Amino acid sequence: MRSFKRAGAVALVAGLALTGCGRDSGSDNAEEAKAVSEGKAKGDITVWALGAEGEKLGEIAKDFEKENPDAKVKVTVIPFDAAHDKIATAIAGGQTPDMTLLGTTWLPEFSATGALDPTPTDVIDEDAFFEGSWSTTVVDGTSFGAPWYTETRQIYYRKDLAEKAGVTPEAGWSWDDLKAFTTGMQEKAGAKWGISLQPGGQGSWQTVMPFAWQKNAELVDGDKFTFNTDPMKEALDFYASFFKDKVSPTDLTPGALETGFINGEIGSFVSGPWHMGILREQGGAGFESKWAVAPMPKEDAGTSFTGGSDWVVFKDSKNRDTAWKFVDFLSQDAQQQKLYELVGSLPAVKSTWESGELSTDPLLKSFGEQLKDAKSAPAVATWEQVAAPLDDAIEQVSLGKADSETALADAEKKANAIGLGG
Amino acid sequence: MATVAATSTAGRSSRRRPDRGRRREVLAGYLFSLPFLALFLVFTIGPVLASFLMSFTDLRSADVRSPLAVGFIGIDNYTKLFSDESFRKAAFNTAYFVVIGVPLTMMLALAVAVALDTGITRFRAFFRVGYYLPVVTSIVAVAVVWRFLLQPDSGLVNTLLGYVGIDGPSWLRSTTWAMPSLIAMSAWRNMGSLVIIFLAGLQVVPKEMHEAAAIDGAGAWARFRHITLPMLRPTLLFGGVVTMIGYLQFFEEPFVMTRGGPLDSTLSTAYYTYNQFGFGNYSYAAAMAYVLFVVIALVTALQFKWLGSKE
Amino acid sequence: MTTSTRHETTAGAAIPLVAAPEPTSRPRRRRSADIGEPRGIPWVYAVLIGGLVLLVGPFLWMLLGSFRPNRELKEVPPAWLPEHPTLDNYRTLFTELDFPTFFLNSVVVAVAITVGNLIFCSMLGYALAKLHFPGKRMIFGLVLGTLMVPGVVTFVPLFVLVSNLGMVNTFPGLIFPFLAGPFGVFLMRQFFQSLPDELIHAARVDGAGEFRIFWSIMLPLCRPALATLGILTFLASWNNFLWPLVVAQSEEKYTLPVALAIYAIGENNSDYGLLMAGSVAIIVPVLIVFLVLQKHFVRGIAMTGIK
Chain Y
1 MRSFKRAGAV ALVAGLALTG CGRDSGSDNA EEAKAVSEGK AKGDITVWAL
51 GAEGEKLGEI AKDFEKENPD AKVKVTVIPF DAAHDKIATA IAGGQTPDMT
101 LLGTTWLPEF SATGALDPTP TDVIDEDAFF EGSWSTTVVD GTSFGAPWYT
151 ETRQIYYRKD LAEKAGVTPE AGWSWDDLKA FTTGMQEKAG AKWGISLQPG
201 GQGSWQTVMP FAWQKNAELV DGDKFTFNTD PMKEALDFYA SFFKDKVSPT
251 DLTPGALETG FINGEIGSFV SGPWHMGILR EQGGAGFESK WAVAPMPKED
301 AGTSFTGGSD WVVFKDSKNR DTAWKFVDFL SQDAQQQKLY ELVGSLPAVK
351 STWESGELST DPLLKSFGEQ LKDAKSAPAV ATWEQVAAPL DDAIEQVSLG
401 KADSETALAD AEKKANAIGL GG
Chain F
423 MATVAATSTA GRSSRRRPDR GRRREVLAGY LFSLPFLALF LVFTIGPVLA
473 SFLMSFTDLR SADVRSPLAV GFIGIDNYTK LFSDESFRKA AFNTAYFVVI
523 GVPLTMMLAL AVAVALDTGI TRFRAFFRVG YYLPVVTSIV AVAVVWRFLL
573 QPDSGLVNTL LGYVGIDGPS WLRSTTWAMP SLIAMSAWRN MGSLVIIFLA
623 GLQVVPKEMH EAAAIDGAGA WARFRHITLP MLRPTLLFGG VVTMIGYLQF
673 FEEPFVMTRG GPLDSTLSTA YYTYNQFGFG NYSYAAAMAY VLFVVIALVT
723 ALQFKWLGSK E
Chain A
734 MTTSTRHETT AGAAIPLVAA PEPTSRPRRR RSADIGEPRG IPWVYAVLIG
784 GLVLLVGPFL WMLLGSFRPN RELKEVPPAW LPEHPTLDNY RTLFTELDFP
834 TFFLNSVVVA VAITVGNLIF CSMLGYALAK LHFPGKRMIF GLVLGTLMVP
884 GVVTFVPLFV LVSNLGMVNT FPGLIFPFLA GPFGVFLMRQ FFQSLPDELI
934 HAARVDGAGE FRIFWSIMLP LCRPALATLG ILTFLASWNN FLWPLVVAQS
984 EEKYTLPVAL AIYAIGENNS DYGLLMAGSV AIIVPVLIVF LVLQKHFVRG
1034 IAMTGIK
């Protein structure tokens, strides 16, 4: 239709006119963190918190207001699923709050927009946090936030089935031990599946990477992604062997995992601390004694994956000082402890683990130990996009549709075509 | 004989319209259009133009704070698309979905609408609400139930198939069957909206015509073909275009049920575009969206040709 | 006695128009009570009911599910009847959440958008279908064209625009972008095309002004189309999630779907019971609107007896 051609022509001309605007040849990446003023916090800040966990922030914020009577904290809760879109759009439209919570894997991507304020070292102490958690805030040598809560993955297993089969997980057990453990539960304790692993699909890299890190795999080398390396291949082959040998199902519907674990069909699975609450809720009374968690096996290292959420402050914030003081407040032991009590999320601060339930409950202690040896994804802005080919490779190999060499080489090629971004 | 004869005239009344009336008509035309167009230009055309321009740059999420300081790369985004394997797969999937899904949904909806209009006399409201329910039911509930239906071992579909001796596949995990499952689910879900559109259109068909034809001995099917369908043309065109546009952008079903899998077999162009936005590749995603737009425009033009102009 | 004319409208859709034959010319006498009363066909009922069962399934599951505790809902395969029926989900919904605020916000936004669309789209649709003025074709093409642009791509530029206009976190920001819906224009235009031109000509001869013709004569004939547009627009606005989420900066401006997503969905643990109850609560107003408007899916009275 004529009208479209006309519109198209207009647009093109306008576009050409804009060539006057252009990209600068590279901008300065290293940023200096500015110091925070002394004294009590003043003024108002708006804080975005995510999901059902974020709802409890209001209570903790009240304590901050008590300590700093001139300050006011306004908490707005946003849904977890859509938070990424909302924050991205807010940055684009210049409508950011003073500070917000971010999923750890999002931080590098948002820091690339230049909207985040570097962490002031006079207020926030790096050593207070678990190394893995802190690393999620660091991009190109600069930290852009502070961890709030963290999580890590371990192996949930049926204690009673393991006993029946005569196998026990121990700290420092090897890959072979893990294999024997899972097949043992199948052969000797009547479990249908020894373990339930995610056969590819979104996020499966989080379950596979621990095994790769246990063989000291590195995902990035300089400015290239390195997926097709020996440790990665070994890890992926080991992971896929569970499917090949029919130790893990390939076809589980959401929700079937918990049901299967509770009724004894599934002997074990890999997950984070949130499953403790889920199992307690769904298993009912009497189920508590039947399960436990075991640490990740150890080959060259006993590393697991760590995630969680970090606080970030926006450069455009009108009250940056108070925002950072609030972040500091939230990382004190008392507040981290309160967070655990209200929400059940694991504190990212090491010292909080030295007292209370976190230091006595055996399940929690296990997670606390694992947190000391946990890594996260490389801090590159394009990680979410690059993880997709990796997930595809995992799916291909798990379902037996390709061998690990071909799949990983393909994923590496795609990843490098995308680049590190920033 | 039927007094309803169609005669072709020049299309206007033979009386010449006086100039003053003509001017009044033109003025009315513009005034009537004004409120809509004012809002439309600001809130729709503006962003469309901006995003169109964006597709000729290399804007990424890292650039949003300084959107004018991006490089103008011409049609690079567009050429990149055609060598993008995932995009080609998504395009194929979308075509597959549309070619099968649109006629299927339209036929089902038309059948139901006609049935509701003339086939039954009681409980009409009840049926109308019932057929509209899938449209309003939360996608979460829909997903749960459909997943249950399609479960490989204990799902309803495979159980029923088992009675006839067929070993049903793992529907959502099979690269061959995932797409047909989603097509069925979409037809089921979107039928309701079309039903009420067709119902509205059917009201234009005067009962008297049907009666006259019935008296003259025309059977139900003949009446449907020669009376109802032609009169329904504008509505069919509308329903067809709108369904086609909607299906070319189908997103929710793969998003909720299969996440584009298994192995990208249910990845749609809209879903892929959404992913690219999520990754921050704004300009690339914009280019993708406009390629989709061109396809939609072409297909719509075709539809107008078939169902629209005559003589 | 009867005339039939084929009209070529500018968009080229030809619609045969027929006026009612006068019954008295027929040899067979028909009583008025007989006219227009088709008998229901039994097998049609049967098929429709069969289809209905299939369609209503998920809704029923959702309804029953809203009375079940979260724990039960996560079971696989999903059972139908609640083992431990509970009103807790609804209690949480109405007490812990600021339900009245969210509900009111949703109502204001959805009603405003629906009414706006009904008025603006019918005006433009009428103009495009029945009035003759230069630029008509281009306008229709433009409107139709934007219907084909995937919404996701205009999202960010629209937000930047709304933000620059200072409409973030306001009702205008939630409403204005959707008042000019191309879908509505398309629907109304198609429908107006099927109405006879004679009515307009006759009214003009009688000296009626253009707006009067539109408002008092043509619009009332559109009841089915208006009802359809009303329902579809209301539904879309009511269920809209992403835009209200992005535009609202404080919880007082949240609409129901946004509020539900926040309270029911956590990062790793979701409260399905609350989600079901909330989903049911969200559907109820839509169904009410549907029930009210659907009785307009009946023949316009003026379709008969045109002289």
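Residue numbers (the working numbering), protein chains in the order written: chain Y, 1 to 422; chain F, 423 to 733; chain A, 734 to 1040. Glycine included, every Cβ here is placed at the ideal spot set by N, Cα and C. All values reported here derive from a predicted model rather than from experimental measurement.
Under the three-state DSSP convention, the category residue i falls into
i, result
"Y:L420", "coil"
"Y:S241", "helix"
"Y:S135", "helix"
"A:T979", "The sequence shown places Val at residue 979 of chain A, rather than the Thr named in the question. Note: A:V979 maps to helix in three-state DSSP."
"A:W813", "coil"
"A:P775", "helix"
"Y:I45", "strand"
"Y:W173", "coil"
"Y:T19", "Bear in mind that a pLDDT of 40 at Y:T19, under 50, signals an unreliable position, so the model cannot answer this."
"Y:S37", "coil"
"Y:P347", "strand"
"A:M951", "helix"
"Y:A115", "coil"
"A:D939", "coil"
"A:P760", "Here A:P760 scores only 44 on pLDDT, less than 50, and its place in the model should not be relied on; the value that follows carries that caveat. In this structure, A:P760 counts as coil in the three-state DSSP scheme."
"Y:D310", "strand"
"F:L714", "helix"
"F:Y500", "helix"
"Y:F144", "coil"
"Y:K192", "coil"
"Y:L50", "strand"
Host beta strand (DSSP E) of residue i (start-end)
i, result
"Y:S268", "S268 to S271"
"A:T834", "Not the beta strand (DSSP E): A:T834 falls in the alpha helix (DSSP H), residues F832 to K863."
Per-residue contacts from residue i into chain Y (C-beta, under 7 Å)
i, result
"F:V486", "I91, A92 and T113"
"F:R569", "T253"
"A:K807", "G255, E258 and Q282"
Amino acids of chain A, ordered along the chain, whose beta-carbon sits closer than 8 Å to that of residue i
i, result
"F:W610", "L787 and L788"
"Y:E281", "N803 and R804"
"F:L689", "Neighbours of F:L689 on chain A: none; closest Cβ ~15 Å, over 8 Å."
Proximal chain Y residues relative to residue i, where beta-carbon distance stays under 8 Å
i, result
"F:P656", "Residues of chain Y passing the Cβ test: none, with the nearest at roughly 19 Å."
"F:L685", "D392, E395, Q396 and K401"
Residue i: first and last residue of the uninterrupted alpha helix (DSSP H) it sits in
i, result
"F:L616", "A600 to L624"
"Y:Q282", "W274 to G283"
"Y:R158", "Note, Y:R158: premise wrong, no alpha helix (DSSP H); beta strand (DSSP E) at Q154 to R158."
"F:M529", "E507 to V536"
"A:W971", "R956 to N972"
"F:S473", "G468 to M476"
"Y:T360", "E357 to T360"
"A:I1016", "Y1005 to Q1027"
"Y:T322", "R320 to L330"
"Y:A61", "L57 to E67"
Per-residue contacts from residue i into chain F (C-beta, under 8 Å)
i, result
"A:P883", "Q671, A692, T695, A711, L714 and F715"
"Y:D426", "Only positions 1 to 422 of chain Y appear in this structure, which leaves residue 426 of chain Y out of reach."
Where residue i meets chain Y, residues with beta-carbon distance less than 9 Å
i, result
"F:P525", "Here the premise fails: no neighbours, minimum Cβ distance about 25 Å."
Chain-ordered chain F contacts of residue i [CB-CB under 7 Å]
i, result
"Y:Q476", "Within the shown structure, residues of chain Y are numbered from 1 to 422, placing residue 476 of chain Y beyond reach of any answer."
Chain C contact for residue i (CB, 8 Å cutoff)
i, result
"Y:A381", "Looking for chain C here will not work: the only protein chains present are Y, F and A."
By the 9 Å beta-carbon criterion, what residues does the region 998-1019 of chain A contribute toward chain F?
Y1005, L1008, M1009, G1011, S1012, V1013, I1015, I1016 and V1019
Output needed in chain order: residues of the region 465-484 of chain F with a Cβ under 9 Å from some Cβ in chain A.
F465, T466, I467, G468, P469, V470, L471, A472, S473, F474, M476 and S477
Where the region 182-202 of chain Y meets chain F: residues whose CB sits under 7 Å from a CB there
G201 and Q202
Short-range partners of chain F found in the region 847-858 of chain A, where Cβ spacing is below 8 Å
I852, F853, C854, M856 and L857
Quick one, which residues of the region 974-990 of chain A are near chain Y if we go by CB-CB under 7 Å, in chain order?
L975, L978, V979, Q982, S983 and E984
Just list the alpha helix (DSSP H) runs in the region 72-133 of chain Y, keeping only unbroken ones of 4 residues or longer that don't cross its boundaries, in chain order.
80-93 and 107-111
Residues, ordered as in the chain, of the region 487-499 of chain F that lie near chain A by beta-carbon distance below 9 Å:
P489
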